[in-house]
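*Asks:* Just passing along the structure, written as structure tokens.
Numbering (the UniProt record's numbering), first residue to last: 1 to 421.
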């Protein structure tokens, strides 16, 4: 309790509003890894420090259920910090509503490079039931829970957005951190509220990233208290997954989960996700498409031969690795600007643009980029050589090891289906 205590007495007004236990809980909730000194600047007290006109509402709403009932201490000026009703459901609902994608995603199937088999599986599992419900009955049922698994950076989240765009569903994009709560009893309530919100906003898709953090094997430690809490949360998830097709109230709610560690899933959860789709590293055709997608207007400078060579040079790269290659390549001209010592002005007076040049060129002036007027630097071109140099210099490497890839292949052979062939 040392951290919470120091935080409490480092804040002049918090010590009048919260008990030591409450302050410790709040300090851990806001920033578990922060030192007591650094916690003194966190904005829970910012609203109070303005003076007696500050209101107790400065305590963040999502924190209230974790704190319990605050002390009824009088503030200067007669204000009381009497607790608001502990409406945990409302707090959970508000927190989860903040996780809903506020605008409809605008990701088309063609924006996702490759993965044609995975797209077809998702279309049959989610798009067809939404557009052609007459094709489904008690025997031919739509999938209620689908698992996407594979190495990091292969487009699992992007596929979820493409599906939501196609069917015009409300998309709940939730990470494990949005659901897992350190305080006993809160996680299962959050899970329950998540599915309640999905039913209230149906048709909807619940996309849970890093599902392994919620549904890992129930064997192992975590402490008696932690294991009991985790077990209750997992039981609640199982109940909700089982209820996806029980009754009309659950029709129109689909769970789409993603993980980099499918082998960490508890068998009870693994069984409830069907289909289980492997999202592998992009093949050569997909890598060509990824260079075009990520390069944007600069990609126009790449010939078909250049793109072919880049695709060959990036075998074993994920989609995010290729995005990093493009990012580094686009910065090469900027590095040239930083190292340049000769520029010349082009264009009419008052609208000059300064471009890099050699010392012997007409109009060359010895200067650095720091003396170029604002917004007057001619945009240096990006060339195919810049892309290739990034790869030859190994500034970006594959983020996935060969042994890891084999593990995905083995797991797919036993439990999954291929998302790219």
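No residue lacks a Cβ here, since even glycine has one placed at the ideal position from N, Cα and C.
Within the same chain, show all residues whose beta-carbon is closer than 7 Å to that of residue 376, passing over the 5 residues directly before and after it, in chain order.
*Replies:* Here the question's residue 376 lines up with position 376 in the chain shown. Result list for residue 376: 352, 353 and 354, in chain order.
*Asks:* Is it right to say residue 216 is buried, meaning 16 or more other beta carbons lie within 10 angstroms of its own, or is it exposed?
*Replies:* Within the chain shown, residue 216 is the residue found at index 216, counting from 1. Classification for residue 216: buried.
*Asks:* Count the other CB atoms within 10 Å of the CB of residue 86; is the residue buried (16 or more) or exposed (fewer)?
*Replies:* The residue you call residue 86 lines up with position 86 of the chain shown. Note that residue 86 scores 47 on pLDDT, short of 50, meaning its location in the model is unreliable and no value can be drawn from it.
*Asks:* Which value, in whole angstroms, describes the spacing of the CA atoms of residue 409 and residue 268?
*Replies:* Numbered from its first residue, the chain shown carries residue 409 at position 409. Numbered from its first residue, the chain shown carries residue 268 at position 268. Roughly 21 Å between the two C-alpha positions.
*Asks:* Cβ atoms of residue 270 and residue 415: under 8 Å apart, would you say?
*Replies:* One-based indexing of the chain shown puts residue 415 at position 415. One-based indexing of the chain shown puts residue 270 at position 270. Yes, the Cβ-Cβ distance between residue 415 and residue 270 is below 8 Å.
*Asks:* Following the continuous beta strand (DSSP E) through residue 209, name the residue where it begins and the one where it ends.
*Replies:* To locate residue 209, count along the chain shown from 1; it is residue 209. Counting along the chain, the beta strand (DSSP E) containing residue 209 begins and ends at 204-209.
*Asks:* Could you check the C-alpha separation between residue 155 and residue 265 for me, to the nearest Å?
*Replies:* Within the chain shown, numbered from 1, the residue matching residue 155 stands at position 155. Within the chain shown, numbered from 1, the residue matching residue 265 stands at position 265. So the alpha carbons of these two residues sit roughly 20 Å apart.
*Asks:* Give me whichever residues DSSP pairs with residue 145 in a beta bridge.
*Replies:* Taking the first residue of the chain shown as 1, we reach residue 145 at position 145. 255, per the DSSP bridge assignment.
*Asks:* For residue 220, does the count of other Cβ atoms within 10 angstroms reach 16, so buried, or fall short, so exposed?
*Replies:* Start at 1 with the first residue of the chain shown, and residue 220 comes out as number 220. Only weak support is given to the placement of residue 220: the predicted model assigns it a pLDDT of 49, under 50, and the value that follows is read from those uncertain coordinates. Residue 220 should be labelled exposed.
*Asks:* Determine the burial state of residue 7: buried for a count of at least 16 other Cβ atoms within 10 Å of its Cβ, exposed for fewer.
*Replies:* As a working mapping, residue 7 is identified with position 7 in the chain shown. Caution is warranted here: a pLDDT of 41 is assigned to residue 7, below 50, making its placement in the model unreliable, and no coordinate value can be reported.
*Asks:* For residue 174 versus residue 208, is the C-beta spacing smaller than 8 Å?
*Replies:* Start at 1 with the first residue of the chain shown, and residue 174 comes out as number 174. Start at 1 with the first residue of the chain shown, and residue 208 comes out as number 208. Their beta carbons are under 8 Å apart, which means residue 174 touches residue 208 by this criterion.
*Asks:* May I ask which residues mark the beginning and end of the alpha helix (DSSP H) holding residue 120?
*Replies:* Translated into the one-based positions of the chain shown, residue 120 becomes position 120. Note, residue 120: alpha helix (DSSP H), 116-122.
*Asks:* In angstroms, rounded to a whole number, what distance separates the CA positions of residue 157 and residue 163?
*Replies:* Residue 157 sits at position 157 when you count from the first residue of the chain shown. Residue 163 sits at position 163 when you count from the first residue of the chain shown. If I take the Cα positions, the gap works out to 10 Å.
*Asks:* Using three-state DSSP, classify residue 238 as helix, strand or coil.
*Replies:* For the purposes of this step, residue 238 is identified with residue 238 of the chain shown, where counting begins at 1. It is helical.
*Asks:* Could you tell me the distance, in whole angstroms, from the CA atom of residue 340 to the CA atom of residue 368?
*Replies:* For the purposes of this step, residue 340 is identified with residue 340 of the chain shown, where counting begins at 1. For the purposes of this step, residue 368 is identified with residue 368 of the chain shown, where counting begins at 1. C-alpha separation (whole angstroms): 6 Å.
*Asks:* Looking only at its own chain, which residues have a Cβ that is under 8 Å from the Cβ of residue 406, when we skip the five neighbours before and after it?
*Replies:* Position 406 of the chain shown holds residue 406. Taken in chain order, the list of residues that qualify is empty.
*Asks:* So what's residue 422 in DSSP terms, helix, strand or just coil?
*Replies:* As displayed, the chain neither begins before 1 nor continues past 421, which places residue 422 out of reach and without an answer.
*Asks:* What did DSSP end up calling residue 420 once you bin it into helix, strand or coil?
*Replies:* Working through the chain shown from its first residue, we reach residue 420 at position 420. It is coil, neither helix nor strand.
*Asks:* I'd like to know if the stretch 305-315 and the stretch 334-349 are in contact, where contact means that at least 3 CB-CB pairs between them fall below 8 Å.
*Replies:* With the cut-off at 8 Å, the stretch 305-315 and the stretch 334-349 do not touch.
*Asks:* How big is the Cα-Cα spacing for residue 63 and residue 190?
*Replies:* Mapped onto the chain shown, residue 63 falls at position 63. Mapped onto the chain shown, residue 190 falls at position 190. In this predicted model, residue 63 has a pLDDT of only 46, less than 50, meaning its place in the structure is not dependable enough to derive any value.
*Asks:* Just reading off the beta strand (DSSP E) that residue 433 is part of, what are its end residues?
*Replies:* No answer is possible for residue 433: it lies beyond the span of the chain, which begins at 1 and ends at 421.
*Asks:* Quick check on DSSP: helix, strand or coil for residue 135?
*Replies:* Within the chain shown, the letter at position 135 stands for residue 135. Three-state DSSP puts residue 135 in a helix.
*Asks:* Can you tell me the Cβ-Cβ gap for residue 275 and residue 126, rounded? I've got them flagged as a contact below 8 Å.
*Replies:* Residue numbering aside, residue 275 sits at position 275 when the chain shown is read from its first letter. Residue numbering aside, residue 126 sits at position 126 when the chain shown is read from its first letter. So it is not a contact: roughly 11 Å between Cβ atoms.
*Asks:* Please name the residue in 108, 400, 118 and 166 whose C-alpha comes closest to that of residue 129.
*Replies:* Reading the chain shown from its first residue, position 129 is the one you call residue 129. Ranking 108, 400, 118 and 166 by Cα distance to residue 129 puts 166 first.
*Asks:* With distance defined between alpha-carbon atoms, name the residue in 142, 172, 344 and 111 nearest to residue 296.
*Replies:* Along the chain shown, read from residue 1 onward, the residue named residue 296 stands at position 296. Ranking the options by Cα distance to residue 296, first place goes to 111.
*Asks:* Return the CA-CA distance between residue 328 and residue 391, expressed in angstroms with no decimal places.
*Replies:* Within the chain shown, the letter at position 328 stands for residue 328. Within the chain shown, the letter at position 391 stands for residue 391. Roughly 10 Å between the two C-alpha positions.
*Asks:* Does the Cβ of residue 294 have 16 or more other Cβ atoms within 10 Å, making it buried, or fewer, making it exposed?
*Replies:* As a working note, residue 294 is residue 294 in the chain shown. By the 10 Å Cβ count, residue 294 comes out buried.
*Asks:* Looking only at C-alpha atoms, which of 345, 194 and 316 sits nearest to residue 371?
*Replies:* In the chain shown, the residue the question calls residue 371 occupies position 371. Comparing Cα positions, the closest option is 345.
*Asks:* Residue 405 by DSSP, collapsed to three states: which one?
*Replies:* Start at 1 with the first residue of the chain shown, and residue 405 comes out as number 405. Reduced to three states, the DSSP call for residue 405 is helix.
*Asks:* According to the neighbour-count rule (16 or more other Cβ atoms, all chains shown, within 10 Å of its Cβ), is residue 255 buried or exposed?
*Replies:* Here the question's residue 255 lines up with position 255 in the chain shown. Its Cβ being crowded by 16 or more others within 10 Å, residue 255 is buried.
*Asks:* What does the Cβ neighbour count give for residue 135, buried or exposed, with the cut at 16 atoms within 10 Å?
*Replies:* Within the chain shown, residue 135 is the residue found at index 135, counting from 1. Result: exposed.
*Asks:* Have a look at residue 277 and residue 292 and give me their C-alpha separation to the nearest angstrom.
*Replies:* If you number the chain shown from 1, residue 277 lands on position 277. If you number the chain shown from 1, residue 292 lands on position 292. In a straight line, the C-alpha of residue 277 is about 26 Å away from that of residue 292.
*Asks:* Report the rounded CA-to-CA distance for residue 196 versus residue 312, giving the unit in angstroms.
*Replies:* Residue numbering aside, residue 196 sits at position 196 when the chain shown is read from its first letter. Residue numbering aside, residue 312 sits at position 312 when the chain shown is read from its first letter. Between residue 196 and residue 312, the C-alpha separation is close to 48 Å.
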